[in-house]
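Trainee: 233 is the number that this note's numbering gives the last residue of the sequence shown; the numbers go up by one with no jumps.
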Amino acid sequence: MTELAHLKFYATQVHPCSYLPDQQATTLFLDPSQPMDVKVYAELSELGFRRSGDHLYRPHCQRCTACVPARIPTAVFRPNRQQKRIFTRNAALQVRAIQPIFSEEYYALYVRYIEQRHADGDMYPPNREQFASFLVRDQPFSRFYEFRMDKRLLAVAVTDVLPNGLSAVYTFYEPTEERRSLGRYAILWQIGEAARLGLQAVYLGYWIKNCRKMNYKTQYRPIELFVNQRWITLN
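So, in structure tokens, the structure goes:
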């Protein structure tokens, strides 16, 4: 195992929390001068770290532990009845993996998604620089998974392929296709893809019980949560 103790980390100043109103947050970042090594990334993911652009981070708040790292163990995941229906509803979609690139087609879909689904969030209003710095990074482990119906782009799942699993970085999708539940389908598809690749888990980022946009993750069972420096299973 990599000597993580030799890595340098930096904590931000206290800033407003992106998820819980009236809360203050602190974020811990890996030294940005450290090369983005996939083995280090994988080992840090076991400790609850995530990637945003070229940075690895995790919450480091002094008085709050609401952000709980979550992952789906692929070998034992079983879709429930609703999730099976979502699979069936989207069975005709074609999925293709490509290296992350900027395209007008991707950016237009991202804009529609942010403007219609996250106009109250800190990524609104969207812009090209934000899109590129957040998602279009030249990393050998990163993928854009395109979901298309015929030639129409419906969703893009930005995913990192790590030795220990798939890390679901971000998904944006066509907001007018509500019936398809594209966000949920993208997670289900990634669970299936991780299993096909023989990877142990899909890392979903942070589960936050009191945040509507982040508490959906426990719908996928069994799920593992990183609590008190160890992964525990919720069946």
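Even glycine gets a Cβ: it sits at the ideal position worked out from N, Cα and C.
According to DSSP, simplified to helix, strand and coil, what is Q128?
Mentor: helix
Trainee: Would A184 and T169 qualify as a contact pair, given that the criterion is a beta-carbon distance under 7 Å?
Mentor: With respect to T169, A184 sits close: the two C-beta atoms are nearer than 7 Å.
Trainee: Got a sec? Which residues, its chain only, sit under 8 Å from I189 by beta carbon, not counting five neighbours each side?
Mentor: Excluding residues within five positions, the ones whose Cβ falls inside 8 Å are I70, T72, F75, V200 and Y218.
Trainee: List, from N- to C-terminal side, the beta strand (DSSP E) runs of 3 residues or more that fit wholly inside the segment 27 to 76.
Mentor: 48 to 50, 53 to 57 and 66 to 71
Trainee: Any chance you could list the alpha helix (DSSP H) runs of at least 4 consecutive residues sitting entirely within the segment 161 to 195, in chain order?
Mentor: 180 to 194, all fully within the segment 161 to 195.
Trainee: Excluding the 5 residues preceding and the 5 following Y104 in the sequence, name in chain order all residues of the same chain whose CB lies nearer than 7 Å to its CB.
Mentor: V154, listed in sequence order.
Trainee: Work out the CA separation of W187 and Q92 for me, nearest whole Å.
Mentor: Straight-line measurement puts the Cα of W187 at about 11 Å from the Cα of Q92.
Trainee: Determine, using beta carbons only, whether G51 and P67 come nearer to each other than 7 Å.
Mentor: no
Trainee: Candidates R115, Y55 and F132: which alpha carbon is nearest P98's?
Mentor: F132
Trainee: Grouping DSSP H, G and I as helix and E and B as strand, with all else coil, what is H13?
Mentor: strand
Trainee: By how many angstroms is the C-alpha of C209 removed from the C-alpha of A64?
Mentor: 9 Å
Trainee: I'd like to check one pair, K215 with W205: are the Cβ atoms closer than 7 Å?
Mentor: Against a cut-off of 7 Å, the Cβ pair of K215 and W205 comes out as a contact.
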